[in-house]
């Protein structure tokens, strides 16, 4: 048995609260950090999601509040997102349950500042996001002159979100005598500069390095054509029978598209990202925790602060931009002594290489698997139903259904005919959503970026570059380019470039989905492509320099028209989002 909470010098009120939460043994980060913090040392803590980090700084923070004669805050905690700020506050309230007149204020954007001002007048601990904390400091509704402890939680994420200047300003405002604790999953140079400038001989507490939370997680990846990614998620969800899952996307737009697709296919899901109002985010999280929705679709930033122990499965619709995010994502499952699984979709050679780099970094096996087939899922559902049948047979007692079976027998049907008919009826009911999704074969995936002759949406190009259609529904999907911005890239048919090379480059370099790309025209020395204005801006911002076929290329806004002497010999119109 490891170290116990009763082994350290905690107040009776704290011990009582910990016992009420049924906590006895400390995690590694708690056992190492709490005594050091309570001795008054500055601390740099490196620990991954799900290791009890909040209690590691939260318990000492609460115990540090000893002056109840003042209404000014004594502890300040910074978090990158409103979800994480709320999560920290909820945990602190549990640990301070038996502390009188402590008061915990939670401040973040998107909620009434007047309510927060009232909270701040009677709180000894303040938890908030940097931006809103700065608002209160400017308004002088938050006084920091009696702060004894400052805690930066998920400091690396705050820097990624552009809060460096706010953090520096806040740390400059608080008293020099305060104790400073910094917790971060990674230690980039900017974090190290903060520790050097604002901490006093900090002690390093580094545990797990992201490994502990992966031991109970079985990890898979699937080679899937770009156009079939949503269908792959559909099949994986149906195959797993998971009651609670999280699906991660790299962009807010993709979250919305994924929610729409899955709801159209009869899944109870909801999305969460930074553009949503706080009231909507709160309702979504409540529905997720209570089981009213079975899957949460989220971006990395929005998912910060989600702390639900019984998540059975994580799906990476997109490979995360940073390897550390992979650890954060899949660490949402396999927690509190339970097992879980992660499933990552891979769409081209570059992503295949990246998932292997991830496996090497996390020192875990990420096993290649085939996307479950419609037939396999149907069979599994029948097997699951048969378990219920056996249970009912074991608990059998005559009931109201027997007379109906007897009536069928009187009509000349035997039990050998009746039983399969009933199973077939159940199987047909279970296959309702499956019939809308075709199987995804690994042979559909080409380990390139992406395959020649096929764009990322699965439409083949004729010799003139225009798509051929295998059915009327594809033909009806053929689009117009109204409301699009035309961009130009300085590579053309003289370098034997094909539309699929352009699509693959844009998807990889900008993070946009292939569906965002409209008509592509290939000229002698350059190529034009059409996108919505916002998507064009994203592409120009993110793809200042990129290589296609090993050649450095530049994207820019195209002139109004092409020279008459230089007409395209390949054109590709990408269909709009299909209505599933």
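In this note's numbering, the protein residues as written are 1 to 580. Where a beta carbon is used, it is the ideal one built from N, C-alpha and C, also for glycine. These figures come from a predicted structure and were not determined experimentally.
- Counted within 10 angstroms of its Cβ, other Cβ atoms place residue 291 as buried (16 or more) or exposed: exposed
- Message: According to DSSP, residue 186 sits in a beta bridge with which residue or residues?
- Response: Residue 186 is not bridged to any residue.
- Could you check where the beta strand (DSSP E) with residue 291 kicks off and where it finishes? Taken as a continuous stretch (DSSP letters only), residue 291 belongs to no beta strand (DSSP E), as it is neither H nor E.
- DSSP beta-bridge partners of residue 541: Looking at the DSSP assignment, residue 541 forms no beta bridge with any residue, so it has no partner.
- Separation of residue 239 from residue 380, as counted between CA atoms: 8 Å
- Would you kindly report the start and end of the unbroken alpha helix (DSSP H) that includes residue 346? Where residue 346 is concerned, there is no enclosing alpha helix (DSSP H), although the beta strand (DSSP E) it sits in stretches over 340-346.
- Count the CB pairs spanning the segment 123-139 and the segment 73-89 that are closer than 8 Å, and state whether there are at least three. yes
- Message: Please report the distance separating the alpha-carbon of residue 235 from that of residue 198.
- Response: 50 Å
- Query: Hey, quick one: how far does the beta strand (DSSP E) through residue 104 stretch, first residue to last?
  - Reply: 104-107
- Message: Restricting to Cα atoms, I'd like to know which of 319, 372, 333, 388 is closest to residue 357.
- Response: 319
- Residue ranges of each alpha helix (DSSP H) run of no fewer than 4 residues wholly in the segment 317-382, ordered along the chain? 323-330, 349-362
- Message: Between 242, 281, 254, 259, which has its C-alpha nearest residue 294's C-alpha?
- Response: Residue 294 has its Cα closest to that of 242, out of 242, 281, 254, 259.
- Query: residue 101: which of 283, 324, 370, 67 sits nearest, CA to CA?
  - Reply: 67
- Task: Could you check if residue 316 is buried or exposed, using at least 16 other CB atoms within 10 Å of its CB as the buried criterion?
- Result: By the neighbour-count criterion, in which a residue is buried when 16 or more other Cβ atoms sit within 10 angstroms of its Cβ, residue 316 is buried.
- Item | Through-space distance from residue 352 to residue 37, alpha-carbon basis | About 43 Å.
- Message: Going by DSSP in three states, residue 21 sits in which element: helix, strand or coil?
- Response: Annotated three-state conformation of residue 21 is coil, per DSSP.
- Which residues does DSSP pair with residue 547 in a beta bridge? 552
- Which whole-angstrom value is the C-beta distance of residue 287 and residue 271, which I expect to be below 8 Å? Contact between residue 287 and residue 271 is ruled out by a C-beta separation of about 12 Å, above the 8 Å threshold.
- Item | Minimum C-alpha distance to residue 124 - residue among 92, 547, 362 | 92
- Specify the secondary structure class of residue 53 as computed by DSSP and reduced to three states. Residue state, collapsed to three classes: helix.
- Give the C-beta separation of residue 62 and residue 26 to the nearest angstrom, bearing in mind that I take them to be a contact with Cβ-Cβ under 8 Å. That pair is no contact at about 16 Å.
- Message: Excluding the 5 residues flanking residue 631 on each side, which residues of the same chain have their C-beta closer than 8 Å to its C-beta?
- Response: There is simply no residue 631 to check, as the chain begins at 1 and stops at 580 in what is shown.
- Item | Endpoints, the beta strand (DSSP E) within which residue 519 is located | 517-522
- Item | Beta-carbon proximity list for residue 254, same chain, < 8 Å, skipping 5 on both sides | 317, 318, 513
- Expressed to the nearest angstrom, what Euclidean distance is found between the alpha-carbon atoms of residue 552 and residue 348? 20 Å
- Query: So, do the segment 148-159 and the segment 174-189 have three or more beta carbon pairs nearer to each other than 8 Å?
  - Reply: yes
- Task: Write down every uninterrupted run of the beta strand (DSSP E) in the segment 156-235 whose length is 3 residues or greater and which is fully enclosed by it, in chain order.
- Result: 179-183, 203-206, 217-223
- Query: In whole angstroms, what is the alpha-carbon distance linking residue 524 and residue 260?
  - Reply: Answer to the nearest angstrom: the Cα atoms are 40 Å apart.
- Could you give the distance in angstroms between the alpha-carbon of residue 558 and the alpha-carbon of residue 365? 46 Å
- Message: Between which residues of its own chain and residue 488 is the CB-CB distance below 6 Å, once the five residues before and five after are set aside?
- Response: 526, 528, 556, 558
- Task: Would you check if the segment 156-171 and the segment 1-12 touch, i.e. whether three or more CB-CB distances between them fall below 8 Å?
- Result: no
- For residue 116, the first and last residue of its enclosing beta strand (DSSP E): Note, residue 116: premise wrong, no beta strand (DSSP E); alpha helix (DSSP H) at 113-120.
- Task: Flag this pair as yes or no: are the beta carbons of residue 217 and residue 334 separated by less than 8 Å?
- Result: Yes.
- Query: What is the DSSP secondary structure of residue 497, reduced to helix, strand or coil?
  - Reply: Residue 497: coil per DSSP, three-state reduction.
- Using 8 Å as the threshold, is the segment 529-549 in touch with the segment 495-505, meaning 3 or more CB pairs across them? In short, these stretches touch, since the Cβ pair count reaches three.
- Extent of the continuous beta strand (DSSP E) to which residue 248 belongs: 245-248
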